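Numbering (the numbering used here), first residue to last: 7 to 207.
Note that the Cβ used here is the ideal one computed from N, Cα and C, for glycine as well.
Predicted, not measured: the structure shown is a model, and the values here were computed from it.
Notes follow once the structure below has been shown.
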Ligand code: GDP
Ligand code: MG
């Protein structure tokens with residue numbers, strides 16, 4: 007089995023993150039946790055590229071639709087449709103518009119439990135309820151209510167892969183093999199080395 011320190015994940019800094027001048031702040035938050043940047047690029051994605059990104063998992067439409075309907079019901083609200091696929095079609099249309107409206111920054115991050123650590127630092131999907139101390143909780147104020155009323159995607163600054171399987175598929179979607187670096191960071195010794203007995207002079 008591969009060592010946990012080789013786990014990789016994908017982060018996208020969405021167009022609002024770029025426009026808010028938060029690129030450095032966002033990358034810094036992941037870096038300071040000990041994660042290693044192994045891929046980095048800026049691009050304006052096409053709508054097709056975004057649709058593919060969200061539908062790499064064939065179950066995404068159904069699962070996200072069901073989750074969204076439950077979200078409405080838990081707040082005592084009536085969902086715009088009872089059909090999960092119809093709900094996700096609206097969400098996907100909004101996401102395609104949002105994520106192709108300007109440059110995004112794609113990051114590949116590596117480190118032990120990088121998928122889970124990045125999700126923790128990123129915070130929950132809806133900024134209104136994301137924890138303070140997370141990127142989505144600290145830097146933005148959007149809500150499903152406001153984005154649904156205005157007929158647009160929720161502006162939550164970043165995307166982060168939700169599982170190791172999702173990360174593998176998403177990294178291959180955004181980066182070629184050659185664009186992902188294999189290198190050692192000297193600082194990784196203090197995170198991972200079994201013996202720290204070479205410290206004292
Ligand atoms: P993430 O992994 O935290 O970004 O969240 P998901 O993978 O569950 O959802 C992907 C995107 O779909 C989110 O960034 C939102 O734009 C949108 N989305 C997910 N759930 C909902 C919801 O309940 N309501 C609305 N309006 N959008 C949602
Ligand atoms: Mg997701």
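Among the candidates the options, whose CA atom is the shortest distance from the CA of residue i?
| i | options | result |
| --- | --- | --- |
| residue 12 | 152, 204, 188 | 188 |
| residue 68 | 49, 96, 56 | 96 |
| residue 151 | 132, 200, 39, 56 | 132 |
| residue 9 | 54, 191, 118, 34 | 118 |
| residue 180 | 202, 199, 200, 52 | 52 |
| residue 49 | 159, 57, 76, 18 | 18 |
| residue 39 | 16, 115, 103, 88 | 115 |
| residue 168 | 129, 191, 198 | 129 |
| residue 71 | 87, 82, 198, 81 | 87 |
| residue 93 | 43, 141, 154 | 154 |
| residue 84 | 75, 90, 91 | 75 |
| residue 107 | 197, 204, 20 | 20 |
| residue 89 | 80, 81, 73, 82 | 73 |
| residue 22 | 194, 196, 145 | 145 |
| residue 32 | 140, 78, 91 | 140 |
| residue 37 | 81, 7, 199, 194 | 194 |
If the criterion is Cβ atoms closer than 8 Å, does the pair residue i and residue j meet it?
| i | j | result |
| --- | --- | --- |
| residue 120 | residue 41 | yes |
| residue 185 | residue 47 | yes |
| residue 142 | residue 162 | yes |
| residue 26 | residue 127 | no |
Could you give the C-beta distance for residue i and residue j, rounded to a whole number, given that I count them as a contact under 8 Å?
| i | j | result |
| --- | --- | --- |
| residue 24 | residue 110 | 7 Å |
| residue 105 | residue 43 | About 21 Å separates the two Cβ atoms, so there is no contact after all. |
| residue 148 | residue 160 | 5 Å |
With a threshold of 6 Å on Cβ separation, who are the neighbours of residue i within its own chain once the five nearest residues in sequence on each side are excluded?
| i | result |
| --- | --- |
| residue 125 | 166 |
| residue 4 | Look at the range of the chain in this structure, 7 to 207, and you will see that residue 4 is not part of it. |
Spatial neighbours of residue i within its chain, please: C-beta separation below 8 Å, excluding the five flanking residues on both sides.
| i | result |
| --- | --- |
| residue 62 | 172, 175, 176, 179 |
| residue 102 | 53, 56, 57 |
| residue 158 | 100, 103, 104 |
| residue 192 | none |
| residue 91 | 67, 68, 71 |
Within its chain, find whatever has a CB closer than 7 Å to the CB of residue i; leave out the 5 residues flanking it on each side and keep chain order.
| i | result |
| --- | --- |
| residue 98 | 57, 60 |
| residue 202 | none |
| residue 197 | 40 |
| residue 78 | 84, 85 |
| residue 138 | 144 |
Helix or strand or just coil, what does DSSP make of residue i?
| i | result |
| --- | --- |
| residue 128 | helix |
| residue 20 | coil |
| residue 70 | helix |
| residue 105 | helix |
| residue 44 | strand |
| residue 175 | helix |
| residue 140 | coil |
Let me check you understand the geometry: is the CB of residue i closer than 7 Å to at least one non-hydrogen atom of the ligand ATP?
| i | result |
| --- | --- |
| residue 204 | Although the ligand ATP was asked about, the structure shown includes only the ligand GDP and the ligand MG as ligands. |
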